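Chains as they are written, first to last, in this note's numbering: chain P, 1 to 649; chain L, 1 to 358.
Below is one structure; the comments refer to it alone.
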């Protein structure tokens, strides 16, 4: 069928060459019936629906994103069972923190956060800067949240959970659009987007600005400019090339925490480039290759004023850091007969970190990975998922992370899943130090490399997934029993005695046993009507020798999101959020339980040739002054108006 | 009868057309040889000619089936020759006159083989295969070439009634059908509405003038559609826009019903179509019956042999439980057999073989 395959390429080239030709001149020929088309399913990488996924997954779609009213990416995860969203303002300015089942510190993360498969986890500490994503909320197609370890399928760092942002294909965003928001707490956001295409090429450009004053009464304002571009080229019916690039440039205001830590602005500059090549012969057979480079720079130079010696030249401190990551991954998908689908692949990642304040020279970390995953439809009712990842790195050597899951369909639309999976978290370059010797500013503070073990988690999960297609409703209930071992902590000494002062060590300190239940109901009783109800209960047992792990996440959380359209042009949504008290690990204060109500009201306005929308969003409607992380970070009511306008081609 | 014409043996020069020839033969000699063959063909043995769009696999599959099916056809002792549009154009249309029956495969072949009006006094009996109904009808009216019984076609496209029956069989709880029509398929709108109505389906139709309008049209009809039915049209189902169309409908979890193997392999949930082999087989049966009964060709019609293919990966991703294509084809065939078709008996019935084939 070589010739038949050559057809669309020739057509595409001819089409591109002569621009938009006279369509009427074409007549229908048999070629329409003989043409081979690119495989759509694999390009979207949506291979499994919820009944076949080996574990509990929450999908946040565009409707939920709109209904939530969120302008902050992190805020979207309030609706995901088991997740906690909070904010810290000390150290490097205002930073959202997203956590699953607690345990984490401020800037450390046990989540894998991906945007179109590109890891956003910072190589120094493992955390994610949720303010710097170079994309607009409207560029997101959906967010898949895998609740539980999934190293075998999502790679290094998919430890407690994995979040994958999937951006829209530009063909879904043809035309121009713009949006501006303004509101209390200095909220000033703007985005502009253009999507176009010719023939087999589709592209999108988004630029934007996001700024706010942070929490009231604190010097914690933020400002970001970003630009992102995506181009999709269907090079041939089987070859799809995806090129993405983006950059962020902004500042965080940092409050003073003593004379050695003056109030100042910290700069954040990031950029990335990513190339994906996918060759799909059909939905289950093909090759995939991905390369990306990601650079994150924190610019933080300041002068320390020694109070007692005013005449001395002020020592200049460079408390910034530069992290760059290059990652190459290849993968092959195969189907063997009608019942077996198989994926295998390999990846290599190089992280380079420069932290002048801590290290005299740059630190490199090379991580290599082999992975495989098979899906076997053993019988009509039983689906077996099995996978494993073999990881080798310079810090902790070679380790294996296997996963085995059984999905048993007890009745049509009702599935019970049994999942057993293990995952690892490699220590970051900062963690992998045997001691923290804090000397005078400007002198190296870290001692020689330590001999840490990777953290490990063994997760046992039984879950139920039910669907009521007539009602457009799904219910997901997850019961879990997880063993987390060798948690790495910065506070403490090798003998296990917790100490508040210096020196500090990074050690494999505590273990934790986590058990609980999570439930999620998504119901769409009518078009443009949505109800999402989630609830979670978590119990953590730990000796808490080095940190307060057992109280590091709220024990109970409930979230309700409702949205509906009325009178054709109005959209109204409200979300209710209740969480119990907890105290995050690290340097946080206890955080009381709180209840919060958010609401959004939007009106569609047909203006000229396009469609406009005016929306008002109120966060924390009843102005409940709960605290975040520290006692002085107090939430208050916040409201903003958004006007957006979209022009289709 | 030969399965390979001399020209297909690889030494034929393009200038010399379908005849034996080589670059070194003077042109007049080639013409002479051609002429001799033509005379021989006309007087010695009744022969048929298959005209293919080009040498690509789909056309060759049709030709193979035709030659196999007509191997020992009574009244065709000279067998079927095979040529392509390019070679026939070089040789000149008059060559056609030497054949008792001409079978064209594809639109380009039909265009070449159908003479303008009365340009040729006594054109051979011509059957067009692998041609969309709409293109055939346009061609016949443009050429004033209507010759009942001497010119007919086996369309590549499926009757809308069969398409709608399949929707009811395969996706019984999806009753709101969305369709995007382009400039050339817009005239099917009424027929679509009637066939949908007869089966208790509701239909929302969006019309587009340019491929770039498809996305907007999709946004308009998707909210009120449980499935999208693709109707072949150079604009509405332009290969470049199909990708975006599939992606968008897939994201919205709305199944797409296609009309070709390419579409279902790529991401449509289900497709109803006739394969090249099925077209060739059915074409051979039509020619055979014509030769045996010595009468006339049946009126142009949609194919009797068809295939239903389900993309089970897509079905799983959409959370749908689908029967296999072969089962659906069998059920569809049964439904078609039960219904009294107003058109003359389908050629497929004569052979006693199942009309639907996986």
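Where is the CB? At the ideal position from N, CA and C, for every residue including glycine.
Note that this is a predicted model, so its numbers are computed, not measured.
From the beta carbon of residue 610 of chain P, is the nearest beta carbon of chain L less than 8 Å away? Interface annotation, residue 610 of chain P: not in contact with chain L, CB-CB separation never under 8 Å.
First and last residue of the alpha helix (DSSP H) that includes residue 226 of chain P?
Residue 226 of chain P -> not in any alpha helix (DSSP H); beta strand (DSSP E) instead, spanning 222–234.
Requested in this report: Could I get the ranges of all uninterrupted beta strand (DSSP E) runs contained in the segment 205–262 of chain L, with 3 residues as the minimum, in chain order?
Outcome: 227–229, 256–258
Practice prompt. Would you mind sorting residue 462 of chain P into buried or exposed? The rule is 16 or more other CB atoms within 10 Å of its CB.
Written response: exposed
Can you tell me whether residue 51 of chain L is helix, strand or coil according to DSSP? strand
Q.
Along the segment 409–432 of chain P, where does the CB come closer than 7 Å to a CB of chain L? Name the residues.
A. 412
(request) Step through the CB atoms of chain P and report whether any lies within less than 8 Å of the CB of residue 226 of chain L. (result) Taking Cβ atoms only, chain P never reaches closer than 8 Å to residue 226 of chain L, which makes this a no.
Next item on the list: Please report how far the alpha carbon of residue 568 of chain P lies from the alpha carbon of residue 68 of chain P, in whole angstroms.
Entry: The alpha-carbon of residue 568 of chain P is positioned some 20 Å away from that of residue 68 of chain P.
Fill in: Start-to-end residues for the alpha helix (DSSP H) that takes in residue 107 of chain L
107–113
Buried or exposed: where does residue 4 of chain L fall if 16 or more other Cβ atoms within 10 Å of its Cβ makes it buried?
With a pLDDT of 36 at residue 4 of chain L, under the threshold of 50, the modelled position of this residue cannot be trusted; read the value that follows with caution. With fewer than 16 other Cβ atoms within 10 Å, it is exposed.
Limits of the alpha helix (DSSP H) - the one that residue 189 of chain L falls within: 189–198
8 Å Cβ cut-off: residues of chain P touching residue 237 of chain L: Within chain P, the residues near residue 237 of chain L are 32.
Check your understanding: Cα-Cα, which of P:187, P:428, P:272, P:350 is closest to residue 229 of chain P?
Key -> P:272
Problem - Cut-off 8 Å between Cβ atoms - residues of its own chain near residue 285 of chain P, not counting five sequence neighbours on either side - result: 333, 334, 335
Residue nearest to residue 296 of chain L in terms of C-alpha spacing, selected from L:55, L:324, L:254, L:153: L:153
request  = Could you name the residues of the segment 317–337 of chain L whose beta carbon sits closer than 8 Å to any beta carbon of chain P, in the order they occur along the chain?
outcome  = 317, 318, 319, 321
Sub-8 Å separation of residue 351 of chain P and residue 251 of chain L beta-carbons | no
Problem set entry | Near-chain P residues of the segment 233–264 of chain L (beta-carbon distance less than 7 Å), N- to C-terminal order | 233, 234, 235, 237, 239, 240, 242, 243, 244, 246, 247, 248, 250, 251, 259, 260, 262, 263
Residue 194 of chain P: first and last residue of the uninterrupted beta strand (DSSP E) it sits in: 187–198
Does the contact criterion of 3 or more C-beta pairs under 8 Å hold for the segment 84–92 of chain P versus the segment 389–396 of chain P? Touching, no.
- request: Starting from the C-beta of residue 96 of chain P, find all residues in its chain whose C-beta is less than 8 Å away, skip the five residues before and the five after it, and write them out in chain order.
  value: Cβ neighbours of residue 96 of chain P beyond the five flanking positions: 72, 73, 74, 75, 85, 86, 87, 130, 131.
Practice problem: Would you kindly work out how many angstroms separate the C-alpha atoms of residue 228 of chain L and residue 452 of chain P, rounded to a whole number? | Solution: 56 Å
Using a Cβ-Cβ cut-off of 6 Å (strictly less than) and excluding sequence neighbours within five positions of residue 577 of chain P, which residues of its own chain qualify?
78, 559, 596
CB contact below 8 Å: residue 499 of chain P versus chain L = Bear in mind that a pLDDT of 44 at residue 499 of chain P, under 50, signals an unreliable position, so the number given afterwards is only what the model happens to contain. Output row for residue 499 of chain P: interface = no.
#### Entry: Backbone secondary structure at residue 327 of chain P - three-state DSSP
Strand at residue 327 of chain P.
Check for me: the alpha helix (DSSP H) holding residue 64 of chain P runs from which residue to which? 62–68 is the span of the alpha helix (DSSP H), which, as asked, contains residue 64 of chain P.
Where does residue 532 of chain P fall in DSSP's three states? strand
Q) What are the residues of the segment 138–165 of chain L that lie near chain P, defined by any Cβ-Cβ distance shorter than 8 Å? A) 138, 156, 157
Next item on the list: Compare the beta carbon distance of residue 55 of chain P and residue 625 of chain P with 8 Å and say whether it is the shorter of the two.
Entry: no
*asked:* Let me check one thing: in DSSP terms, what residues is residue 389 of chain P bridge-paired to?
replied: P:371, P:401
Under the rule that 16 or more other beta-carbon atoms within 10 Å means buried, what is residue 21 of chain P, buried or exposed?
At residue 21 of chain P the pLDDT is 35, less than 50, meaning the model places this residue with poor confidence; the figure from the coordinates comes in the next sentence. That one is exposed.
Requested in this report: Would you list the one or two residues that DSSP bridges to residue 333 of chain P?
Outcome: Per the DSSP secondary-structure output, residue 333 of chain P pairs in a beta bridge with P:286, P:343.
*Would you say residue 58 of chain L faces chain P, with C-beta separation under 8 Å as the test?*
yes
Using a cut-off of 7 Å between C-beta atoms, extract the partners of residue 172 of chain L located in chain P. From the beta-carbon of residue 172 of chain L, no residue of chain P is found nearer than 7 Å; the closest lies around 12 Å away.
| message | Looking at the secondary structure, which residues open and close the beta strand (DSSP E) in which residue 560 of chain P lies? | response | 556–566
Margin query: Suppose you measure from the CA of residue 150 of chain L to the CA of residue 105 of chain L; what does that come to, to the nearest Å?
Written below: 17 Å
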